[in-house]
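Mapping of the sequence shown onto my numbering: residues 281 to 569, in sequence order. These notes concern the structure reproduced below.
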Amino acid sequence: MRDLADANNARCHNPEGITASPNGLLYAAGLSGNICIYTLSGVEVGHLVVAPNHALLGELYTPEGIYVADNNPGFSGGRLIRVDPATGGFVVLAEGFAAPNAIAQDHHGTLYVSDSFAGAIYTVSPSGGGKTLWKADLLLQPHGNPPFGANGVAFDRTQSFLYVANTADDRILRIAVNKDGSAGAISIFADGATLGARALDGADGIQFDVQGNLYVCANQANEIQVLSPSGALIARYGHNPGDDPLDFPASPIFHERGVYIANLALGTAPNGGKISVLGVPLPGAPSGR
Numbered sequence: 281m282r283d284l285a286d287a288n289n290a291r292c293h294n295p296e297g298i299t300a301s302p303n304g305l306l307y308a309a310g311l312s313g314n315i316c317i318y319t320l321s322g323v324e325v326g327h328l329v330v331a332p333n334h335a336l337l338g339e340l341y342t343p344e345g346i347y348v349a350d351n352n353p354g355f356s357g358g359r360l361i362r363v364d365p366a367t368g369g370f371v372v373l374a375e376g377f378a379a380p381n382a383i384a385q386d387h388h389g390t391l392y393v394s395d396s397f398a399g400a401i402y403t404v405s406p407s408g409g410g411k412t413l414w415k416a417d418l419l420l421q422p423h424g425n426p427p428f429g430a431n432g433v434a435f436d437r438t439q440s441f442l443y444v445a446n447t448a449d450d451r452i453l454r455i456a457v458n459k460d461g462s463a464g465a466i467s468i469f470a471d472g473a474t475l476g477a478r479a480l481d482g483a484d485g486i487q488f489d490v491q492g493n494l495y496v497c498a499n500q501a502n503e504i505q506v507l508s509p510s511g512a513l514i515a516r517y518g519h520n521p522g523d524d525p526l527d528f529p530a531s532p533i534f535h536e537r538g539v540y541i542a543n544l545a546l547g548t549a550p551n552g553g554k555i556s557v558l559g560v561p562l563p564g565a566p567s568g569r
């Protein structure tokens, strides 16, 4: 684990979301309301002014643009937008969220958005038209601190399940996807309380590698933790010899053999934050279409 870029400036402070283009540009969004653009070597090459002083959380890069979970100042509600990565201009696709957080896309292009305060997953069409409730459940609601329930989302490779991090409860959940695309049963895939000290402590953003291992940002443990396809905790990064420390890691994104991590640095907000990189043995799983 090593530091890649310092985000402690007025443009880029407290990055929460991160995504990557196919040609290797990193787009980090955060509490500034901007999206900062970095090369894979950590050079800041520009920024997009999107919604000043809003909290921009999860991001998803697609050929159509960057989908962003955009929260009002003070987390008084939010919306899903799609940002032009060249100009920063955006269109609003859905409004009326309590706290939109993370975004995944299925093979049909449908977007799945977690709402951390509502304890729910909503679907949104890439053409807009508002949100539709896909799954609400007590397991998706927060029962601890911080009061964020459903957070990071990721499909397994066959899109048979949508995996969801519950930050407050230190758990990874999974929701079966029925053949017609509706939500099936929800279950606990991994429970930090059964996996050892600080396991899944503040489970936040999640991403799969090509073998089905799930990389989890454990934001309160300041670690990246890796779960096997059976839910066993098989690796931890951030406190190993030689690691640069993480600072409230919020979101990961794979690009080739690296996992790039947005460090929110929540304890020092509205200052602080950085981008870290972890070399990994396997690339990330394909996502969306």
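C-beta atoms are modelled at their ideal positions from N, C-alpha and C, and glycine is treated no differently.
- If you look at V363, you'll find it in the beta strand (DSSP E) that goes 358-363.
- Only residues of its own chain outside the window of five on either side were considered, and among them A382, A445, D484, G485, I486 have a CB closer than 6 Å to the CB of G432, listed in chain order.
- The Cβ neighbour count for T299, taken over all protein chains shown within 10 Å, is at least 16; the residue is labelled buried.
- CA-to-CA, the gap between H387 and S440 works out to about 11 Å.
- DSSP places N381 inside the beta strand (DSSP E), whose first and last residues are 380-385.
- Of all alpha-carbon atoms in A512, I504, N499, the one lying nearest the alpha-carbon of A545 is that of N499.
- Restricting attention to beta strand (DSSP E) runs no shorter than 3 residues, the segment 413-472 encloses them at 430-435, 441-446, 451-457, 463-471, ordered along the chain.
- T474 sits in a helix when the DSSP states are folded into three classes.
- Note on G376: under 16 other CB atoms within 10 angstroms of its CB, so exposed under the neighbour-count rule.
- Nearest to T403 by alpha-carbon distance, out of P426, A374, F397, is A374.
- Taking a cut-off of 8 Å for Cβ pairs, the segment 406-415 and the segment 313-327 do not touch, as fewer than three such pairs fall below it.
- When beta bridges are read from the DSSP output, G326 appears opposite I317.
- A check of alpha carbon separations from S356 across R537, P365, A398, Q421 identifies A398 as the nearest.
- Secondary structure note for L558: its beta strand (DSSP E) is the uninterrupted segment 554-559.
- Annotation for G358: A349, D350, N351, N352, F377, A379, P380 place their beta carbon closer than 7 Å to its own, counting only its chain and skipping 5 residues before and after.
- In the same chain as G492, and ignoring 5 residues on each side of it, the C-beta atoms closer than 7 Å to its own belong to D436, R437, P509, in chain order.
- Straight-line spacing of the CA atoms in A430 and D417 works out to 10 Å.
- Here S321 is exposed, its C-beta having fewer than 16 other C-beta atoms within 10 Å.
- Assigned with DSSP and collapsed to three states, L340 falls in strand.
- Taking a 10 Å sphere around the C-beta of R362, we find 16 or more other C-beta atoms and assign the residue as buried.
- The three-state secondary structure of T403, taken from DSSP, is strand.
- Note that the C-beta distance between L442 and A470 is not below 8 Å.
- Relative to the Cα of V490, the nearest Cα in the group G522, P563, S531 belongs to P563.
- For F534, the pairing in a beta bridge is given by DSSP as V539.
- Of the residues assessed, I401 falls on the buried side of the cut-off, its CB having 16 or more other CB atoms within 10 angstroms.
- Inclusion of R537 and G552 in the CB contact set at 8 Å is not warranted, their separation being larger than that value.
- The three-state secondary structure of F355, taken from DSSP, is helix.
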